[in-house]
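Numbering (the numbering used here), first residue to last: 16 to 296. Working notes, structure below.
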């Protein structure tokens, strides 16, 4: 029994050291890290870390760049992570919130996620009032910064990333009429101050909307919940209540999101099965 216990303890120790190395790589810069830095970060000898890294390479969890000799987590590791945490996916996770909001407000609710320089409508729940929106139906996309949902995402991206998107998208905004760089930057600042985007931009005549960002557990803006409705239905008296309901649902969703979810990295891929098998409620 003593020998078995000793083996179990040794195995647990190896597992702990291995996961310490994986966590250190997860916190490393994107291009990877040297053995010396990893060893210092986890408090192990370089020889031990070197053995662990090569065992992980053999399991295709870690890879080493041939030129820089830096170690980093492999694509296979992220593929496995994508299947964990939230196996049902972003769309399924958010569906109850969309249904609750649609029932409570009587308006059309949109779920948007980022796709490069655009926002994609991953799901929607239609209310009784006929409306027009920039993204249209599920799968529609719009340049980040156009419409409340995409603006809510853009406003809360890291500054350097946000600036890159603004530079790229400004020429694209001209096709939407009143939008230009000054307008976009003014709106972004307003959204950051208020915590939401809305209400009546005047770009779609007679239409109004409001959106809040969905933050993951790390505080990254990964999606947006948006209400699209008639301008007359989004008065200043009603607006605070709508924003509060959106925020409550966004706060429920955020901590449950899987950062590796394919719907947030490749949203059109995540839509394929939904569009062919699920009716729109």
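We treat Cβ as the ideally placed atom computed from N, Cα and C, and that holds for glycine.
Contact check for residue 264 against residue 116 passes: the beta carbons are separated by less than 7 Å. If you draw a 10 Å sphere on the C-beta of residue 243, you find 16 or more other C-beta atoms in it, and that means buried. The beta strand (DSSP E) runs lying completely inside the segment 79-141 and spanning 3 residues or more are 86-88, 123-130 and 133-140, given in chain order. Between residue 240 and residue 206, the beta carbon gap of about 14 Å keeps them out of contact (Cβ cut-off 8 Å). Excluding five sequence positions before and after residue 71, the CB atoms of its chain that fall closer than 8 Å to its own CB belong to 33, 36, 37 and 77, given in chain order. If only uninterrupted alpha helix (DSSP H) runs of at least 4 residues are considered, those enclosed by the segment 191-262 are 196-209. The Cβ neighbour count for residue 163, taken over all protein chains shown within 10 Å, is at least 16; the residue is labelled buried. Contact between residue 133 and residue 158 holds, since their C-beta atoms are separated by about 6 Å, short of 8 Å.
Ranked by Cα distance from residue 86, the options 73, 208, 68 and 74 are led by 68.
For the 7 Å CB-CB criterion, residue 237 and residue 225 do not form a contact.
If you ignore the 5 residues before and after residue 60, its C-beta comes within less than 8 Å of the C-beta of 54, all in its own chain and listed in chain order. Taking all protein chains in view, the Cβ of residue 90 is surrounded by fewer than 16 other Cβ atoms within 10 Å, so the residue is classified as exposed.
A direct Cα-to-Cα measurement between residue 267 and residue 111 gives close to 11 Å. Exclusion of the five residues before and after residue 156 leaves 133 and 135 as the residues of its chain whose Cβ lies within less than 6 Å of its Cβ. Cβ-Cβ distances below 6 Å link residue 203 to 170 in the same chain, with the five nearest sequence neighbours on each side left out; the list follows chain order. Residue 222 holds the alpha-carbon nearest to the alpha-carbon of residue 247 among 227, 260, 222 and 152.
Bounds of any beta strand (DSSP E) do not take in residue 43, whose DSSP letter is neither H nor E. In this structure, the straight-line span from the alpha carbon of residue 252 to that of residue 258 is close to 11 Å. In the three-state reduction of the DSSP assignment, residue 76 falls in the coil class. Taking C-alpha positions only, residue 82 is separated from residue 179 by approximately 29 Å.
A distance below 6 Å between beta-carbons, with the five flanking residues on each side excluded, links residue 187 to the following residues of its chain, in chain order: 158.
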